[in-house]
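Participant:
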Amino acid sequence: MSTPITTPHTAPPTSPSSPPPPSIALIIASTRQPCVAPQIASFLTHLYTTYTHTHPSSPPLTTIDLLPLSTEPLLPSLITTPSQYTHAHTRSWSALTSSFSAFLFL
């Protein structure tokens, strides 16, 4: 199993009464070998970073890996709560992805 590729997920602080700021996850979903998705993700992250320099109100972009789900014995459609995952790394992945407002799958 590969190590998930992540970039920092940082968002500006919010007050307790305000909704969380939007955030975007770029999810690497490719399992083929050789896998070029990490290089494409790096390119897209660079493009997005360049874009945010001229559009500072853009939400943060975080790159994460989909691979932890490939080790679970149950079909994803049968999982209704994170506690049903059998592996701690998948529960961690689920908690991380639950914090995002939008997703881009690569």
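Residue numbers (the working numbering): 60 to 165.
For glycine and all other residues, C-beta sits at the position ideal for the given N, C-alpha and C.
None of these values were measured; they are calculated from a predicted model.
1. Kindly indicate the opening and closing residues of the beta strand (DSSP E) around Ile99.
2. From the DSSP secondary-structure annotation, give me the bridge partner or partners of Ala84.
3. Where does Thr145 fall in DSSP's three states?
4. Between the Cα of Gln92 and the Cα atoms of Leu126, Glu131 and Pro78, which residue gives the shortest distance?
5. Please work out which residues of its chain come closer than 8 Å, Cβ to Cβ, to Thr156, disregarding the five sequence neighbours upstream and downstream, and give them in chain order.
6. Tell me the rounded alpha-carbon separation between Thr145 and Thr104.
7. State the DSSP-derived secondary structure class of Leu134, mapped to helix, strand or coil.
8. Within 10 angstroms of the Cβ of Phe159, are there 16 or more other Cβ atoms? Answer buried if so, exposed if not.
9. Would the beta-carbon of Ser171 fall within 9 Å of that of Leu120?
10. Ser89 to Gln98, Cα distance in whole Å?
Facilitator: To lay it out plainly:
1. Not the beta strand (DSSP E): Ile99 falls in the alpha helix (DSSP H), residues Ala96 to Thr113.
2. Answer is Thr121 and Phe162.
3. The DSSP-derived three-state label of Thr145 is coil.
4. Leu126
5. Answer for Thr156: Ala84, Ile86, Ile123 and Phe162, listed in chain order.
6. The alpha-carbon atoms of Thr145 and Thr104 are separated by roughly 31 Å.
7. coil
8. buried
9. What the structure shows of the chain is the stretch from 60 to 165, and residue 171 is not part of that stretch, so it cannot be assessed.
10. 12 Å
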